[in-house]
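Peer 1: Here the protein sequences line up with chains A, B and C, keeping their order. Numbered continuously in numbering that gives the first Met the number 0, the first sequence closes out at residue 565. Numbered continuously in numbering that gives the first Met the number 0, the second sequence closes out at residue 133. Numbered continuously in numbering that gives the first Met the number 0, the third sequence closes out at residue 193. Positions of the beta carbon are idealized from the N, C-alpha and C atoms, including for glycine. Treat the numbers as computed from the prediction; the structure is a model and nothing was measured. Attaching a single structure in structure tokens format; questions to follow.
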Amino acid sequence: MVVQHAEHAHEHGGHAQQSWFRTYMLSTDHKIICFQYMFTGMALALVAGFFSYVFRMQMAFPGMNVPGWGLVTPADYNMLVTNHGAIMIFWVAMPVLIAAFGNYLIPLMIGADDMVFPRINRLSYQIFLLSVVVLFVSFFVDGGGFAGAWTMYPPLMAKAEYSLTGTGSSVFLLAVALEFVAFLLGGINFVTTAMNARAPGMKLYDIPIVVWMIVIASILFMASVGPLIAGAIMMLFDQQLGTAFFDPNRGGDPILWQHLFWFFGHPEVYVVLLPAIGITAEIITVFSRKKLFAYKTVLNTAIGTGVLSFTVWAHHQFVAGIDPRMANIFTVTTLIISIPIAEMMFVYIATLYGGSITLATPMLWALGFIATFLIGGVTGIFLGASGADIYLHDTYFVLAHFHYTFFPIAIIGTYAGVTYWFPKMFGKMMNDTLGKVHFWGTFIGFNCIFIPLFFTGMLGDHRRIFDYTNFPELSTPMLEGLRAFATISLLVMLGFQLVFIYNFVTSLLWGPKAELNPWRANTLEWTAASPPPHGNWAVLPTVHRGPYEYSVPDRKEDFWPQNAPS
Amino acid sequence: MADHASHDHDHGAGDAHAEHTHHPNYVRIWAVLLVLLVVSVLGPMVGIKAVTLITAFGIAIVKAYLVAKNFMHLDLAPKLVAYIVVTMVVFMVLFFAGAAPDVMESHGSNWEKPSWVAGTVHAPEPGGAHEEHH
Amino acid sequence: MSAASTRPIATTRSTTGMPTGRLAVWWIIASEIVIFGGLLGSYVMHRLAHDAFAAAAAHTNTWIGAFNTFVLLTSSLFAVLAHKAAEEHDGKKAARFLVYTMAGGITFLVVKAFEWTHEIQLGYTISSNTFWSFYYTAAGIHAAHVLAGVIIMGIIALEARKNLELQRVELIGLYWHFVDVVWIFLFPLLYIAK
């Protein structure tokens, strides 16, 4: 039976020569689909990053002619801020962390030759690409792109006479809806593959943490997005068909939208967090040559966080006019949810403790993730307490908090994963020196942008303000100085991304050839060729142990691949 | 090609044969469902609210259970599947519990929903061309 | 064209003991439960909140709703009989039962089309008031699922008739039963509770 299957795989390896278009654009191979998602996501990160450059220039130097954009009008500003947020979450973090890494890693790490539904996999990317196109269309329709914040609250979102972007609002909503469909399809693929297509011998606790995390994230997404899909349809009808689901003058309720949105919106942040935490786990074990301190604890806290994430959502609505008794309940649940995540961080620190640490570029990113996410998590506690939130809501304190969580997740987590798996994905090694330069420039730059913003927030800077000169009490030299410092740090940090792009491209084209297992890691993907062929292995592997058997006493090597017989 | 089809077939049907050695009488289940439907339609005619609620929603739950157990074979699937379904329903109850206190309230200390308070949500008069927007 | 020749080994594995297709359809059903759950939960909140909403519901036609319930229940019967035939490797019989199921779905949609036309002519449109907004939206999303189900069922029936991909008969049947269950709850919510 095994021999029959082995030959079976080999047959597929020998496909007739296909055109470039069929190979790369219409492929059903999970690795190609990963690259499609990854490069699309990275391209959109450039777009959203450019938007942040434009609006931060306006904030620091109001009224200036921003190079590459021109004068920033209030409408421009709102559109830039809205789309920066929406793009970063829906079209950068999710495609790169879940769709790209999930697609690449799940089959390879569980010893399968592809996803269980390769054609649905391809379809999911095609729908995702369509959502990108629709999003771009929204920028060019009459009235311009939607500008009512990524949270899309009614009545601003529902009524064209308020938003002034009647068409853009609906087109934006359509883009988001398509993106949801793409990820529902993809998620089902990931979960079913991980549940059913594991290599012989791979029991539940032999699955690498990153695979668990991506699967749990996919389940969280599937379980939470439903009400928002319903809400999006209701919002579209309010916009286009004259219904009044969210209009209190005609029998609706705007708070209903908020609940529908945040019931998804909060689990969503854990949807993107878990893959980044998973990537970190893989890297810290390899680069400290140490077993993960408590595998089952990490797993259980991830599941616990997932479940709890459904009980905290209204902390985004503390000052929206919700029942204060509900605010009490949500404060308690929000503070509780910090515990499992903190536990995970402790486990990671315990994993590092006493390890034989190598500070290669991927490890720097993983450590950088832990350091910055800790700050993000701790500052969330202030916001989770409804009393403190009354003051801090809608200030830059909130903004700094969620950038101290999202940036580690979406940017640091991505760089960690890319620098770590680059050799496997592309068969070449990245330049480690350039990698370190890029890391420090990004890491220091990031902190210099957002630490000042905690302070401007506490001092009273509201969010989503186009020009602070309208607020004399916020136009003090200190506040203006802090805002300018943050903006200049952003320019420096953006500049350092050129180092990464240069490193990526030159390594891809001319980098030294990568061996099979340059990091001497245990997990199954490192036993496939660099890069793996179609079908991944000629003979699919069998698993004999867990993924974190590093520095096992009495063994010659300090690592012990999962598929090695003994 | 044919080999593959029967190969996959065996995978699916092989498991299936082990599971479905005895099919319930599907037609009888269907007949029970129809009887329940009739009861649920007649229930409101009694005029007692409690009876209406029980026949309408109680029967809906029973019908759903019958379809899930006998047509979808939920009892034969691994228990995990039932847990997944129940968990989703629990999440929906959670959503309702979190949102209802706000959505079902017609006014707060600093706000009100005009149409809810005034009770102006009403059905249009039948027969006339109704104005779509305010 | 059968996908069997390009199917990866991964698809044939079954670590949970459950065939992959069946597992996937249950996950699809799980994600659909929260979509309909969010919508119907919102409806129930409005319904319980004030009587004016309930008064609007008096104008739906219970008999048409009941007839459509009968149609869907019967189509579910045909769907499960198709599954039984597929298990007995009788592709032609399975396809025939699938076609009966599709006929039920199409009947449902046609009846709905007439029902809505009549209601719109009476002046009850989607923007009349919030009850009718929910009514058309909920029943509309459900009808879209019925339509999608009919189309996919047709494609599967074509293959089944040639004794190909018979395991898919059960899968579309599972989806169809779920759509039926949603209607089992929609019926009392929209038509009876008045």
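Name the chain A residues whose beta carbon is nearer than 7 Å to that of M87/B?
Peer 2: A222
Peer 1: Just checking: is the beta-carbon of L25/A within a distance shorter than 7 Å of some beta-carbon in chain C?
Peer 2: Chain C places no beta carbon closer than 7 Å to that of L25/A, leaving this residue out of the contacts.
Peer 1: Just to confirm, is the Cβ distance from T418/A to M492/A under 7 Å?
Peer 2: Judged by beta-carbon spacing, M492/A lies beyond the 7 Å limit of T418/A, meaning their Cβ atoms are not closer than that value.
Peer 1: Can you tell me where the alpha helix (DSSP H) holding A176/A begins and where it ends?
Peer 2: Note, A176/A: alpha helix (DSSP H), 165-195.
Peer 1: I want to see whether chain A comes within less than 7 Å of V102/B, judged by CB atoms only; does it?
Peer 2: yes
Peer 1: Can the beta-carbon of R121/A be found less than 7 Å from the beta-carbon of T486/A?
Peer 2: no
Peer 1: Assuming the contact rule is C-beta atoms closer than 8 Å, G104/C and N162/C should be a hit. Round their C-beta distance to whole Å, please.
Peer 2: Their Cβ separation, rounded to whole angstroms, is 24 Å, which puts G104/C and N162/C out of contact at 8 Å.
Peer 1: If we ignore side chains and look at the alpha-carbon of each, how far apart do A293/A and G545/A end up?
Peer 2: 13 Å
Peer 1: Assign S114/B to buried or exposed, taking buried as 16 or more other Cβ atoms, counted over all protein chains shown, within 10 Å of its Cβ.
Peer 2: Classified as buried, S114/B has 16 or more neighbouring CB atoms from the shown chains inside 10 Å of its CB.
Peer 1: Which residues in chain A have a C-beta closer than 9 Å to the C-beta of G46/B? List them in chain order.
Peer 2: Those do not exist, as G46/B stays about 28 Å from chain A at its closest Cβ, beyond 9 Å.
Peer 1: Under 8 Å between beta-carbons, which chain C residues line up against L240/A? List them in chain order, please.
Peer 2: I125, S126
Peer 1: In angstroms, rounded to a whole number, what distance separates the CA positions of H133/B and A142/C?
Peer 2: At H133/B, the pLDDT of 38 sits below 50, so the modelled position is not reliable; the number obtained from the coordinates is stated separately. Computed Cα separation, rounded: 28 Å.
Peer 1: Under three-state DSSP, which class holds H106/B?
Peer 2: strand
Peer 1: By the three-class DSSP mapping on this structure, what secondary structure does Y294/A have?
Peer 2: When DSSP states are grouped into helix, strand and coil, Y294/A belongs to the helix group.
Peer 1: As a quick exercise: from H176/C, V168/C, I119/C, F177/C, pick the residue whose alpha carbon is nearest that of H58/C.
Peer 2: I119/C
Peer 1: Identify the contact partners of R249/A in chain B, using a Cβ-Cβ distance below 7 Å as the criterion.
Peer 2: S114
Peer 1: Start and end of the alpha helix (DSSP H) containing W29/B?
Peer 2: 25-41
Peer 1: If you follow the alpha helix (DSSP H) that N327/A is part of, which residue opens it and which one closes it?
Peer 2: 323-351
Peer 1: Going by Cα to Cα distance, which pick from A59/A, I32/A, Y23/A, M24/A is closest to T475/A?
Peer 2: A59/A
Peer 1: Go ahead and pull the three-state DSSP assignment for V311/A.
Peer 2: coil
Peer 1: What does L93/B touch in chain A if you count any residue whose Cβ is under 8 Å from its own?
Peer 2: When 8 Å is used as the limit between beta carbons, L93/B is near these residues of chain A: F309, T310, in chain order.
Peer 1: What are the boundary residues of the alpha helix (DSSP H) that includes V214/A?
Peer 2: 208-239
Peer 1: Distance check for V178/C and G148/C, CA to CA, integer angstroms please.
Peer 2: Cα-Cα distance, rounded: 9 Å.
Peer 1: Could you check which residue in L134/A, L490/A, S385/A, G459/A has the C-alpha nearest to that of E479/A?
Peer 2: G459/A
Peer 1: For the stretch 361-424 of chain A, which segments carrying the alpha helix (DSSP H) assignment without a break, of at least 4 residues, lie completely within its bounds, in sequence order?
Peer 2: Along the stretch 361-424 of chain A, the alpha helix (DSSP H) occurs as fully enclosed runs of 4 or more residues at 385-391, 395-405, listed in sequence order.
Peer 1: At a Cβ threshold of 7 Å, is R197/A touching chain C?
Peer 2: yes
Peer 1: What residues from chain B crowd round A65/C, counting only those whose CB sits closer than 9 Å?
Peer 2: L36, V37, S39, V40
Peer 1: Within the chosen definition, does the stretch 167-177 of chain C reach the stretch 48-63 of chain C through at least 3 CB pairs nearer than 8 Å?
Peer 2: no
Peer 1: Within a Cβ cutoff of 6 Å, which residues of the same chain sit near Y586/A, ignoring the five residues on either side of it in sequence?
Peer 2: In this structure chain A extends from 0 to 565, so residue 586/A is not present and cannot be described.
Peer 1: Identify the residues that DSSP records as bridge partners of H461/A: which are they?
Peer 2: T394/A
Peer 1: What in chain C is Cβ-close to Y25/B, meaning under 7 Å?
Peer 2: L76, V79, L80
Peer 1: Distance, Cα to Cα, L240/A vs I125/C?
Peer 2: Rounded to whole angstroms, the gap between the alpha carbons of L240/A and I125/C is 8 Å.
Peer 1: Give the straight-line distance between the Cα atoms of F286/A and L65/B, rounded to the nearest whole angstrom.
Peer 2: 55 Å
Peer 1: On a Cα-Cα basis, can you pick out the residue from F107/C, S127/C, F184/C, K92/C that is closest to A156/C?
Peer 2: Of F107/C, S127/C, F184/C, K92/C, the residue nearest in Cα terms is K92/C.
Peer 1: Which value, in whole angstroms, describes the spacing of the CA atoms of I208/A and L298/A?
Peer 2: 7 Å
Peer 1: Interface residues of chain C around H106/B at Cβ under 9 Å?
Peer 2: Correct list: empty, because the minimum Cβ distance to chain C is about 12 Å.
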